[in-house]
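A short worksheet on the structure shown next.
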């Protein structure tokens, strides 16, 4: 199925700007391998300093302390690794991860390999796509303090950095050979390992090897209140600019956790690592034409993209072993059942009951509107961009010095101007060769610093409004609604991080539970549900006021205009006092708008279905998924049948 | 979905239509047909059965219509195509008939009567849009006796009459034919009068042709994508303080996709009717890997398969019953989560097309309730954040809703927002400061704009203001307003299909209609040359030569600037690549060579290591490693202008894999690691064919 679909949708592929990575080389670029190297030493495993905590304070803070466990730096690092591991299984299931401890008393390095090569290195988790057993193992380890401290036992002599780096080299070479993104995260508090000169030189050489191999070292330095980490002692000799984008300007080595208390140290570390853990994957490298023939280089990134649950696979059980079934599609000529080779395939459009066909060359050529470019036609105030001018997700752009030097400063100048004057660019945009051209708005972005491309709709993409009676609420009703809105104001705006996707979370929670052979979670927290208690507390009264105001407004309205549909009047008769018609208490009726149901039911009981208008009957039938064909009598009959059979 | 439609095209085929006029290369008929075919193919491409077409020719050599038997006034009028849905056979049939005749006989007005007759008989009293399109050069005979009765008929049947003439005068459009014959002038006048009296359209073909350059947009009837209740609060907590409004949701924007092509197989035999394309059927087969089986895989029956998911590398089987557990149960709803200020809203987080939300149209109270919601939002300059479930058991989405208030229409407009998982935490360096390796923060740097550059940019942007320009397609609209921009791909593909449909034997593609390229370049009106020159100078942007890009290997230094090259000297001098560390050492050595001849032995060593890896690989376990080495080898050979060494090695490798490592060669092919092409090094003489021969040849 999927293979075939891919082929057929080939024609549309260019349209689908969301989908990057179509050809093989690009696909490679999507894969990332990350190895955590965590130093084990006396200071790394030391429990956080008790004296630093404010013991003097009363019960409140004690309670807080009891709730929050204290981690040593090494354990905190391991917990970060675990959190990131679980996160990556959802977001990037094909990426590899591994954990290497160094400076341990025990030495362990994969099966079959020679332990002597990498003394005092402990490969806790081999570099691979994570699987359930290894996650489970890590979990158990973190739950068992004794076992953990057995492994996190420092050797007498620290591990040689050259060995650590060469071990990483070996892992990346053998396990993640042609991964485009390979990173070594070093978490340590030791700013001056290998004081001996020859050991230093060999570490520097090994670091150079990693650089030439295309492995990027990302250090996370832990400072303590008594010791400020000084990276110039050792680390600046082994870290290179990866040459990504604008070289010198990248944020350099991350310094984490100066915080004294262990809790916030863990959180700091986690946020620092999380921020770096997602390798930046450029969607495209492109020319941005700011004026006629005046071009700079940019790269595009997708910062917002809907993540959906992983697709299901067919699996086959053979003996003990589960295997993924691979499906493949063969194309055959329908009549002769002969297999079709790719060069026999022609693309054709249906037209006038037949097909209109094109050669492969013409097929490509008809989509060609010029070379890829982001061409700015001019500028407009940002207020010209309507809220509804949206068709798909945006793309973030950032300058690149790779092809044009001076791009960054020019881009920065343009961004400054757009920010200061609240302007946006209007641009013609072709993302890739033969991609569908789009009209776009270019908006400057405060954070991250850069700009966004917002694809605009074409006239063909704009739909008509449905017809609907025009009734404007009177001012007193609007005022009451304003009261409600003020009560439920979220001044910080919408923060995506606060709303995990409940469907996705549940999917993976269940998979995790089954894979790790744990209990299925019974209750499941959904953070997207409104906070009903606070709504009731803060806005409840105002909503009631609004409801009363609505009843009043409707009464006034009825005087000037008769009800659209008579039955609404009847309903109000039946439900006196505070019940506004738009506020309906859910009763045990069929699904769908309960209002119409009651009306129809009431009319049926009183045998007055005939008095209702065809529109009302049809609406109701529609809502039940029943046919709306025929004359009014047919409709009435159909509804009567429905209730008789109930 | 539009109404039923019946259109009769009446085409003048008189001998005079075969003449060429006004310096046009084609005949008058060709000119008129350009319009006719565009109209007809547009109808065909809609593919609607209820949009029917008839074609009547007049001044034809023969006579073929239902009225001629009783009245010889109807001679030399032929029904070329009866009223029917137009498909390819009709197009082909009609094409053959649309040739200038050898006669001047045949009354145009009678032809109009034939057309009315066709419509009358076909549509009866049913609900139809009735059209007659009349194409002529106005040189033949028109008998306007009794025209009043005809006008009455046209009015009675509510027929939309359009008369288009070759080189008819049209002062409004600005066309006047010089040296017009008095007969033609008289006909034009009478036809114009006819149109005026029955509210018809009258014009010159040039105008009509200009008009059809403008792509037509297809109207789609609004269909709701959600029906439910907008709620604030929870009924089960306190029904009295719960706000509920019956609402419906309709698309506001929806990307109009071009028609999709399907795949067919080219058949060896030529079939004149169906062409030579054969339908393709896809068959699925399912396999699992099996080391012992021939071909290393065995087929699996559908019954022996279960469903499951991957959790990392681990396969998690989920039985049909378990599917329920994985599912996230939801109820159709639109729940308000809260309200946010519009000013701080980050527009780029919007993920989807936009939809409008309106109250149920049959519910006045809901309309009024929603109106208060819309106005209150507007007055507080706020957006509503909601959690939307469009159908039971569909996953929820978070949405932002903004008010739209137009003179006769109010609604909310909504787009989807990202969840926590949907945002990617990429880090980008700031653009206004530079942090050096020593931690110093600079605000003057080559990556930061100078004041001069900033001023030049400010002036340039100011001079590129689009607000005073009018729409390029519709001058009444602002420049580049979405309503003024046509989807280029959509209309281009439709244009190409229609052109190919009426001329299947033509090679190549027609030029892109200029309308579609209107917005592809900087507008004519804006040309601030001076400002641009100043900007260009201040920015001093330079193209990086392609050669320089790859050559940085071996020159880089760590952040401290330490000269690692010195440390490496000992190793590079040895000229022996460690097979445990091939990629870095090869790179370091090739970067350090002084003479070209020294490269060859390095390539040789690397080649041996690659072959060794392949040889020792259990099945394909080590292939990735070998491929990686090969990729680096190729890349560096190109960079150091030594591709010949690579070419000769890759040929050698091909024969090496011939024996029992063919699967490795297919990896080489997949990763395109074959012979170096001229596009990669201009000195290469390798042709694509040669390269393919190595990839695919035996």
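Chains as they are written, first to last, in the working numbering: chain A, 972 to 1617; chain B, -4 to 693. C-beta: ideal position from N, C-alpha, C; glycine also.
**Asked** Can you give the Cα-Cα distance for residue 1330 of chain A and residue 502 of chain B, rounded to whole angstroms?
**Response** To locate residue 1330 of chain A, count along the first chain from 1; it is residue 359. To locate residue 502 of chain B, count along the second chain from 1; it is residue 507. Going from the Cα of residue 1330 of chain A to the Cα of residue 502 of chain B covers about 10 Å.
**Request:** Quick one: list the residues of chain B neighbouring residue 1503 of chain A, beta-carbon separation under 8 Å, in chain order.
**Result:** To locate residue 1503 of chain A, count along the first chain from 1; it is residue 532. Within 8 Å Cβ-Cβ: 228, 229 and 232.
**Request:** Please confirm if residue 632 of chain B has its CB atom under 8 Å from at least one CB of chain A.
**Result:** Residue mapping note: residue 632 of chain B aligns to position 637 of the second chain, counting from 1. For residue 632 of chain B, the answer is no, since every Cβ of chain A falls outside 8 Å of its Cβ.
**Request:** Taking only beta carbons into account, state which residues of the region 1491 to 1518 of chain A come closer than 9 Å to chain B, listed in chain order.
**Result:** 1491, 1495, 1497, 1498, 1499, 1500, 1501, 1502, 1503, 1504, 1506, 1507, 1510, 1511, 1512, 1513, 1514, 1515, 1517 and 1518
**Option nearest residue 633 of chain B by Cα separation, candidates B:662, B:586 and B:349** = Translated into positions along the second chain, residue 633 of chain B becomes position 638. Taking only the C-alpha atoms, the option nearest residue 633 of chain B is B:586.
**Prompt:** Can you find a CB in chain B that lies within less than 8 Å of the CB of residue 1400 of chain A?
**Reply:** For this step, residue 1400 of chain A is matched to residue 429 along the first chain. No, residue 1400 of chain A does not count as interfacial toward chain B.
**Request:** Helix, strand or coil for residue 32 of chain B, going by three-state DSSP, please let me know.
**Result:** Working through the second chain from its first residue, we reach residue 32 of chain B at position 37. Residue 32 of chain B falls in the helix class under three-state DSSP.
**Prompt:** Which value, in whole angstroms, describes the spacing of the CA atoms of residue 87 of chain B and residue 1333 of chain A?
**Reply:** Residue 87 of chain B sits at position 92 when you count from the first residue of the second chain. Residue 1333 of chain A sits at position 362 when you count from the first residue of the first chain. Computed Cα separation, rounded: 23 Å.
**Prompt:** Are there three or more Cβ pairs, one per stretch, closer than 8 Å when the region 1268 to 1277 of chain A is compared with the region 278 to 289 of chain B?
**Reply:** no
**Buried versus exposed, by CB contacts within 10 Å (16 or more), residue 218 of chain B** = Indexing the second chain from 1 puts residue 218 of chain B at position 223. When all chains shown are included, residue 218 of chain B counts as exposed.
**Item:** Own chain, CB closer than 7 Å to residue 96 of chain B, minus 5 neighbours either side, in chain order
**Value:** On the second chain, position 101 is the one that residue 96 of chain B refers to. Excluding positions up to five away in sequence, the list reads 8, 9, 10, 54, 55 and 56.
**Prompt:** Just how far apart, CA to CA, sit residue 1427 of chain A and residue 384 of chain B?
**Reply:** Here residue 1427 of chain A corresponds to residue number 456 of the first chain, with the count starting at 1. Here residue 384 of chain B corresponds to residue number 389 of the second chain, with the count starting at 1. When rounded, the distance between both Cα atoms is 26 Å.
**Item:** Residue(s) in a DSSP beta bridge with residue 1518 of chain A
**Value:** For the purposes of this step, residue 1518 of chain A is taken as residue 547 along the first chain, with counting starting at 1. Its beta-bridge partners do not exist; DSSP assigns none.
**Message:** Measuring straight from C-alpha to C-alpha, what distance separates residue 580 of chain B and residue 620 of chain B?
**Reply:** Taking the first residue of the second chain as position 1, residue 580 of chain B is located at position 585. Taking the first residue of the second chain as position 1, residue 620 of chain B is located at position 625. For residue 580 of chain B and residue 620 of chain B, the distance between alpha carbons rounds to 15 Å.
**Message:** Could you check whether the region 438 to 452 of chain B touches the region 1393 to 1405 of chain A, counting it as contact only if at least three pairs of C-beta atoms, one from each stretch, sit closer than 8 Å?
**Reply:** no
**Request:** Could you tell me which chain B residues have their CB closer than 7 Å to the CB of residue 1318 of chain A, listed as they occur along the chain?
**Result:** Locating residue 1318 of chain A in the first chain gives position 347, where the first residue counts as 1. Residues of chain B passing the Cβ test: 256 and 258.
**Request:** Tell me the start and end of each unbroken beta strand (DSSP E) in the region 1089 to 1129 of chain A that is at least 3 residues and wholly inside, in chain order.
**Result:** 1092 to 1099
**Request:** Going by CA-CA distance only, name the one from B:156, B:213 and B:220 that's closest to residue 189 of chain B.
**Result:** Numbered from 1 along the second chain, position 194 holds the residue referred to as residue 189 of chain B. The shortest C-alpha separation from residue 189 of chain B is found at B:156.
**Item:** Nearest candidate by alpha-carbon position, reference residue 419 of chain B, set A:1600, A:1462, A:1247 and A:1485
**Value:** To locate residue 419 of chain B, count along the second chain from 1; it is residue 424. Considering only alpha carbons, the answer is A:1247.
**Request:** Check the C-beta distance from residue 1258 of chain A over to residue 1311 of chain A and give it rounded, since I have them as a contact under 8 Å.
**Result:** Within the first chain, numbered from 1, the residue matching residue 1258 of chain A stands at position 287. Within the first chain, numbered from 1, the residue matching residue 1311 of chain A stands at position 340. Rounded, the Cβ-Cβ distance is 39 Å, inconsistent with contact.
**Asked** Helix, strand or coil: how does DSSP classify residue 1339 of chain A here?
**Response** As a first step, residue 1339 of chain A must be located in the first chain, where it is residue number 368. Here residue 1339 of chain A sits in coil by DSSP.
**Item:** DSSP-derived helix/strand/coil call for residue 110 of chain B
**Value:** Mapped onto the second chain, residue 110 of chain B falls at position 115. If DSSP states are grouped into helix, strand and coil, residue 110 of chain B belongs with the helices.
**Request:** Report yes if the CB atom of residue 1094 of chain A is closer than 8 Å to the CB atom of residue 1053 of chain A, and no otherwise.
**Result:** As a position in the first chain, residue 1094 of chain A is number 123, starting the count at 1. As a position in the first chain, residue 1053 of chain A is number 82, starting the count at 1. Result no, Cβ atoms of residue 1094 of chain A and residue 1053 of chain A do not sit closer than 8 Å.
**Asked** Along chain B, which residues have their Cβ under 9 Å away from the Cβ of residue 1365 of chain A?
**Response** As a working mapping, residue 1365 of chain A is identified with position 394 in the first chain. By Cβ distance, chain B contributes 342, 343, 344, 345 and 346.
**Message:** Please identify, using Cβ separations under 8 Å, the residues of the region 1415 to 1438 of chain A that lie next to chain B, in order along the chain.
**Reply:** 1416, 1419, 1420, 1421, 1423, 1425, 1427, 1428, 1429, 1430, 1431, 1432, 1433, 1434, 1435, 1436, 1437 and 1438
**Request:** Between the Cα of residue 1017 of chain A and those of A:1160, A:1135, A:1493 and A:1410, spot the shortest distance and give me the residue it belongs to.
**Result:** Along the first chain, read from residue 1 onward, the residue named residue 1017 of chain A stands at position 46. Cα-wise, what sits closest to residue 1017 of chain A is A:1160.
**Prompt:** Does DSSP put residue 1546 of chain A in a helix, in a strand, or in coil?
**Reply:** By 1-based counting over the first chain, the position of residue 1546 of chain A is 575. The pLDDT assigned to residue 1546 of chain A is 35, lower than 50, so where the model puts this residue is not dependable, and the model offers no usable value.
**Asked** On the three-state DSSP scale, how would you describe residue 216 of chain B?
**Response** Within the second chain, the letter at position 221 stands for residue 216 of chain B. Note: residue 216 of chain B maps to coil in three-state DSSP.
**Message:** Does the contact criterion of 3 or more C-beta pairs under 8 Å hold for the region 27 to 44 of chain B versus the region 207 to 226 of chain B?
**Reply:** yes
**Request:** Assign residue 350 of chain B to one of three DSSP states: helix, strand, or coil.
**Result:** Counting from one through the second chain, the residue named residue 350 of chain B turns up at place 355. Strand.
**Request:** With DSSP collapsed to three states, give me the class of residue 169 of chain B.
**Result:** Taking the second chain and counting its residues from 1, the one referred to as residue 169 of chain B is at position 174. Residue state, collapsed to three classes: coil.
**Asked** Does residue 546 of chain B come within less than 8 Å of chain A when only Cβ atoms are used?
**Response** In the second chain, counting from the first residue as 1, residue 546 of chain B sits at position 551. Note that residue 546 of chain B scores a pLDDT of 49, beneath 50, so its modelled location is shaky; the value from the coordinates is reported in the next line. Chain A contact via Cβ: absent.
**Cβ of residue 1275 of chain A within 8 Å of any chain B Cβ** = Your numbering for residue 1275 of chain A matches position 304 in the first chain. With 8 Å as the cut-off, residue 1275 of chain A counts as an interface residue toward chain B.
**Asked** Is it the case that the Cβ atoms of residue 491 of chain B and residue 509 of chain B are separated by a distance below 8 Å?
**Response** As a first step, residue 491 of chain B is located in the second chain; it is residue number 496 there, counting from the start. As a first step, residue 509 of chain B is located in the second chain; it is residue number 514 there, counting from the start. Not closer than 8 Å, so no.
**Item:** Assumed close pair residue 488 of chain B, residue 1337 of chain A - CB separation to whole angstroms, cut-off 8 Å
**Value:** As a first step, residue 488 of chain B is located in the second chain; it is residue number 493 there, counting from the start. As a first step, residue 1337 of chain A is located in the first chain; it is residue number 366 there, counting from the start. The pair is a contact, with the Cβ atoms about 6 Å apart (cut-off 8 Å).
**Request:** Tell me, please, whether the region 1353 to 1371 of chain A touches the region 478 to 486 of chain B by the rule of three or more beta-carbon pairs shorter than 8 Å.
**Result:** no
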